[in-house]
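*Asks:* Per my numbering, the very first residue in the first sequence carries number 176; after that it's consecutive. Take this structure first; my questions come after.
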Amino acid sequence: MQERYEPVAVERAAQQYWDSHGSFEAREDSSRAKYYCLSMFPYPSGRLHMGHVRNYTIGDVLARFMRMQGHNVLQPMGWDAFGLPAENAAIANGVPPATWTRDNIAYMRQQLRSLGFAIDWKRELATCDPSYYRWNQWLFLRMLERGIAFKRTGIVNWDPADQTVLANEQVIDGRGWRTGALVEKREIPMYYLRITDYAEELLAALDQLPGWPERVRVMQANWLGRSEGVELAFPFAEDTRALLGSNGALKVFTTRADTLFGVSFVAISAEHPLATAAAAANGTLAAFVEVCRHGSTMEVDVASAEKRGMATGLHVSHPLTGERIAIWVANYVLMAYGEGAVMGVPAHDERDFAFAQRYELPIRTVIIPADGSRERVGARWQAQYSDYGVLVDSGEYSGLSSAAAIDAIAAALESKGLGRKRVRWRLRDWGISRQRYWGCPIPLIHCARCGEVPVPDAQLPVVLPENLVPDGSGNPLARLAEFVNCSCPRCGEPARRETDTMDTFVDSSWYFLRYTCADQQQSALDQRARYWMPVDQYIGGIEHAILHLLYSRFWTRVMRDLALLPLAEPFANLLTQGMVLNQIYFRVGADGRRQFLNPAEVEPRFDADGVRIGAVSLKDDASVEYGGLGTMSKSKNNGVDPQTLVEKYGADTARLFTMFAAPPEQSLEWSDEGVQGQFRFLRRLWKAVYEHAAEDSLPQIDLRALAGESAPSEAGRALRRTAHQALAKVTSDIGRRRTFNTAIAAVMELLNAVGQYQERGEIAHAVRHEALELAVLMLSPIVPHICHSLWHALGHATAVIDERWPEPDPQALAQAMVELVVQVNGKLRARLKLPVGASRECALEAALADSAVRRFVTGKSVLKVIHVPDRLLNLVV
RNA sequence: GCGAAAGUGGCGGAAUGGUAGACGCGCUGGCCUUAGGAGCCAGUGGGGUAACCCGUGAGAGUUCGAGUCUCUCCUUUCGCACCA
């Protein structure tokens, strides 16, 4: 046993033990309760960041804790290895994405190993391996057969200079990230998955996910966005019919059919076919549509842009009154949602109101609050009331409530063949085509004669060539003749291979299933999936609360419908960890841009109140501005490298700090001083065990058997109580509440109590020994390396990883006296020591005997007494 | 803009509707010395000599009792469909 705590040696020894014993290899064993503990797999960006460390430490603590509780634990790891950053690196360095990605995986795997995570590395997978993505392709073909996958057009960002499709991330202020060219919207053919067919089920099942955070379920429900409303048709006006050569109508959907008499215009998206038709004969309108075409495809930009529009010159008739209504093109109408058209009711919709004010369109109030709280102002009603109420100025419907009016108006429309009640979803079908190289090829062949032909299963996988280097303009796959040119599987004639690849969300929608049988070459899944699924605990960033989790729930249902596994919900319990934040420091350079300094390169400065006001660079002693807290990111240069941390303090300190600094669902603020504090704690723990073990070896005594005269002293009993209370708290905090920070705090208190316990002798030694053993066992899921070593130091030949989680000794927890809080009118006035289980009368008598209590009670009458046994007594006077 | 969450000492945070500030950081004072990236002891929300009073972003409400529940507002963070 070393006197000094040397994390490097301690951690190497523990990791070697686990490796050589295959401690974390999971085997299917139907006789034992399984526990599948899954952390979201990382994108192999190059190095781990603190978010990974936090994520995987949470998972590791739970995996190790459940293992000690006797479960058969699976904790796998893999790589979300396709994606844009590899192409960006290729553009920057000329290295093929495959090489860059695999180098990163090798490095990050070593980093994960150095952190001591209890991972079964035999199940490792990378989504860029053909052995994985061939099953993406196989599953896609099954979806195509069933009509779940289908083709239609979609709108993408187009960089006209590079002649390439851009991701939203690559569009900066409406311009291409590399070229600076104004980005355009372009309509191209794409493949979609019919996730909307599952919308009803995805929504209904949210109620059966008690292990998911409420906020995630609410966010998903809002994303699915079920709304009941009326789909109605505004027939084209006579002149418009003539102009378009059509007898059709403009379809819109509304949840507020009760406001139908307030319609003063109809707005369509710039991408709507009617807009295109009208623009063909109208130069000004064409110019406006063109401006809209240069806007962003992102919802946030559309929704927060200034409301702009232009009349098309086309008109429709009101479906009930026949009134002539103008069709406008408006930039706030999304083509992708609903019909790409909305009815404009300025008086009862904020966006319509802003639009109508700008273009001086009529604002007609047709709903007033049921309580009459709004009144006419002069000749007009007060503008803008969006709630439900009572109808006015609505013909025969005036006087009806909103709810009754919706029913009546829907019925009237239906009888005229101009509308019906409908359920509409905000959710859109999932477009999976990407015009990019580094992804899973879509297994289709385009034949001049046969059309679109699926690649036969026997020819899967369609292997992605790995030697290409993208240059930022277009997809290099499309230029690779040996990939593109093929023969049609149906007729044998020369044909062209599809060069679009799949959205990387496809890869991550079922990797957790594949871990259960990653070596299976004959099928996507085998019976092992039934043993391990569902995932018992999933841990990952809150930023995935909607898309990834929804796609995984959808994909699992599709696999269920393909009879691949009998399961709809993949994740029984979900823990969404918070972000990792750090200070931001910067200087404004000569060019006006901010140059960010890493917090490690500066020394912070505080004002007299201890508030952070700035910093001084350690390099040049010049001052640096403080930019507040922000998530760790490259662009703000405020990341902390886990590697440096592990080298300096060891993996255990890194793990301990990330678990102690905040509860897992909250954001975590980085603090170098805090890290040092956790290192100090481990050193103190080490020293306490070391000093204890150095005592003459005293006989082992079973404390649970001691009673009467041979029982420990009062101080000894107090320490035992502290130890077993800590055990009860840690068990609940890790196992039930997932508040690792308070669990660690309880062990810290225990160690403080051990330090203050001064007694000597055989029994005292045994009491101290028990306390230290419990501390080591309780900490072992969190700081496994040091505990591995300390367990041996406490005289055990076994490894702590194979120990069972202990149970508190009820005898040690028992107390004779408790503190009772006495309040008068809810204010604390006294604390009394009373025997456990003291009655209400007894407590009241003791309270009234207390001088402080008497001061507030005498001269007044006690109206009410609230007694919470063994806790509180409140006198209302 | 829409959806979700969070606001508590100098800082991170703790409190099944029942003692506000556990635990840690920082700071102050002291001790020790095998001078270490040490260790140990004491103190540390504000006001007041004290008894006590005031304090959980702001305002209202429910309750014997509210940091916790309800409503309104403010601020910050996350997501918004091609970043993963």
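Even for Gly, the Cβ is constructed at its ideal location relative to N, Cα and C.
I'd like to check one pair, L593 with A408: are the Cβ atoms closer than 7 Å?
*Replies:* Going by C-beta atoms, A408 is nearer than 7 Å to L593.
*Asks:* Please report how far the alpha carbon of F411 lies from the alpha carbon of M518, in whole angstroms.
*Replies:* Taking the straight line joining both Cα atoms gives about 14 Å.
*Asks:* Give the secondary structure of W605 by DSSP, where H, G and I count as helix, E and B as strand, and everything else as coil.
*Replies:* Looking at W605 - three-state DSSP - the assignment turns out to be strand.
*Asks:* Pull up the distance between the alpha-carbon of W730 and that of L739, whole angstroms please.
*Replies:* Approximately 11 Å between the Cα atoms of the pair.
*Asks:* Have a look at the DSSP bridge pairing and note the partners of V491.
*Replies:* DSSP output for V491 lists F411, I500 as bridge partner(s).
*Asks:* Hey, which unbroken runs of the beta strand (DSSP E) at 3 residues or more fall wholly within the segment 903-951?
*Replies:* With a minimum length of 3 residues, no continuous beta strand (DSSP E) run stays inside the segment 903-951.
*Asks:* Can you have a look at K904 and say buried or exposed, based on whether 16 or more other CB atoms are within 10 angstroms of its CB?
*Replies:* By the 10 Å Cβ count, K904 comes out buried.
*Asks:* Give me the DSSP bridge partner(s) of A505.
*Replies:* Paired residue(s): G484.
*Asks:* Where does K809 land, buried or exposed, given buried means 16+ other C-beta within 10 angstroms?
*Replies:* Exposed: under 16 other Cβ atoms inside 10 Å.
*Asks:* Starting from R392, follow the alpha helix (DSSP H) in both directions and report where the run begins and ends.
*Replies:* That run of the alpha helix (DSSP H) goes 389-399.
*Asks:* Let me check one thing: in DSSP terms, what residues is W600 bridge-paired to?
*Replies:* In DSSP, W600 forms a bridge with R401.
*Asks:* What did DSSP end up calling R353 once you bin it into helix, strand or coil?
*Replies:* DSSP places R353 in coil when its eight states are reduced to three.
*Asks:* For the segment 815-844, list the alpha helix (DSSP H) runs that are entirely contained and at least 4 residues long, ordered along the chain.
*Replies:* Those alpha helix (DSSP H) runs which fall completely within the segment 815-844 and span 4+ residues are 817-824, 826-835.
*Asks:* Helix, strand or coil for M953 per DSSP?
*Replies:* In this structure, M953 counts as helix in the three-state DSSP scheme.
*Asks:* Going residue by residue through the segment 415-493, where are the continuous beta strand (DSSP E) segments of at least 3 residues, counting only ones entirely within it?
*Replies:* Those beta strand (DSSP E) runs which fall completely within the segment 415-493 and span 3+ residues are 424-429, 440-443, 484-492.
*Asks:* With DSSP run on the structure shown, which of helix, strand or coil describes K1035?
*Replies:* In this structure, K1035 counts as coil in the three-state DSSP scheme.
*Asks:* Under the rule that 16 or more other beta-carbon atoms within 10 Å means buried, what is V427, buried or exposed?
*Replies:* Buried is the call here.
*Asks:* According to DSSP, which residues form a beta bridge with N1053?
*Replies:* The structure shown has nothing for residue 1053, since the chain only spans 176 to 1052.
*Asks:* Using the beta-carbon count (16 or more within 10 Å), is N1049 buried or exposed?
*Replies:* So N1049 ends up on the buried side.
*Asks:* Please work out which residues of its chain come closer than 7 Å, Cβ to Cβ, to R353, disregarding the five sequence neighbours upstream and downstream, and give them in chain order.
*Replies:* Closer than 7 Å at Cβ, skipping near neighbours: D337, G647.
*Asks:* Buried or exposed for H196, going by 16 or more other Cβ atoms inside 10 Å?
*Replies:* Exposed, since its Cβ has fewer than 16 Cβ neighbours within 10 Å.
*Asks:* Could you work out which residue in A511, I542, Y572, E571 is closest to S561 when comparing CA atoms only?
*Replies:* The residue with the shortest Cα to Cα distance from S561 is I542.
*Asks:* Could you check how far apart the C-beta atoms of R762 and Q770 are, in whole angstroms? I think they sit under 8 Å.
*Replies:* Rounded, the Cβ-Cβ distance is 5 Å, consistent with contact.
*Asks:* Between G420 and D414, what straight-line distance do the alpha-carbon atoms span, to the nearest angstrom?
*Replies:* Each residue's alpha carbon lies about 10 Å from the other.
*Asks:* Just the Cα atoms here: how many angstroms apart are A991 and S888?
*Replies:* Going from the Cα of A991 to the Cα of S888 covers about 15 Å.
*Asks:* Can you look up W254 in the DSSP assignment and give me helix, strand or coil?
*Replies:* W254: strand per DSSP, three-state reduction.
*Asks:* Between the segment 956-973 and the segment 234-245, are three or more C-beta pairs nearer than 8 Å?
*Replies:* Output reads yes: the segment 234-245 touches the segment 956-973.
*Asks:* Does DSSP put E535 in a helix, a strand or coil?
*Replies:* E535: coil per DSSP, three-state reduction.
*Asks:* If you pair each beta-carbon of the segment 652-671 with each one of the segment 360-370, do three or more pairs fall below 8 Å?
*Replies:* Touching, no, given that fewer than three Cβ pairs across the two stretches are closer than 8 Å.
*Asks:* Any idea if M473 is buried or exposed, counting beta-carbon neighbours within 10 angstroms, 16 or more meaning buried?
*Replies:* Exposed is the call here.
*Asks:* Take every Cβ of the segment 426-443, pair it with every Cβ of the segment 578-585, and state whether three or more of those distances are shorter than 8 Å.
*Replies:* Judged by Cβ distances under 8 Å, the segment 426-443 makes contact with the segment 578-585, as three or more pairs qualify.
*Asks:* Taking all protein chains shown into account, decide if C1017 is buried (16 or more other Cβ within 10 angstroms of its Cβ) or exposed.
*Replies:* Exposed, since its Cβ has fewer than 16 Cβ neighbours within 10 Å.
*Asks:* Which class does H523 belong to by DSSP, given the choice of helix, strand or coil?
*Replies:* Note: H523 maps to helix in three-state DSSP.
*Asks:* If you follow the alpha helix (DSSP H) that G245 is part of, which residue opens it and which one closes it?
*Replies:* Taken as a continuous stretch (DSSP letters only), G245 belongs to no alpha helix (DSSP H), as it is neither H nor E.
*Asks:* Is V228 buried or exposed, if buried means 16 or more other CB atoms sit within 10 Å of its CB?
*Replies:* Flag for V228 reads buried.
*Asks:* Which residue wins for smallest C-alpha separation from A950, given the options I280, T691, R892, L860?
*Replies:* Of I280, T691, R892, L860, the residue nearest in Cα terms is L860.
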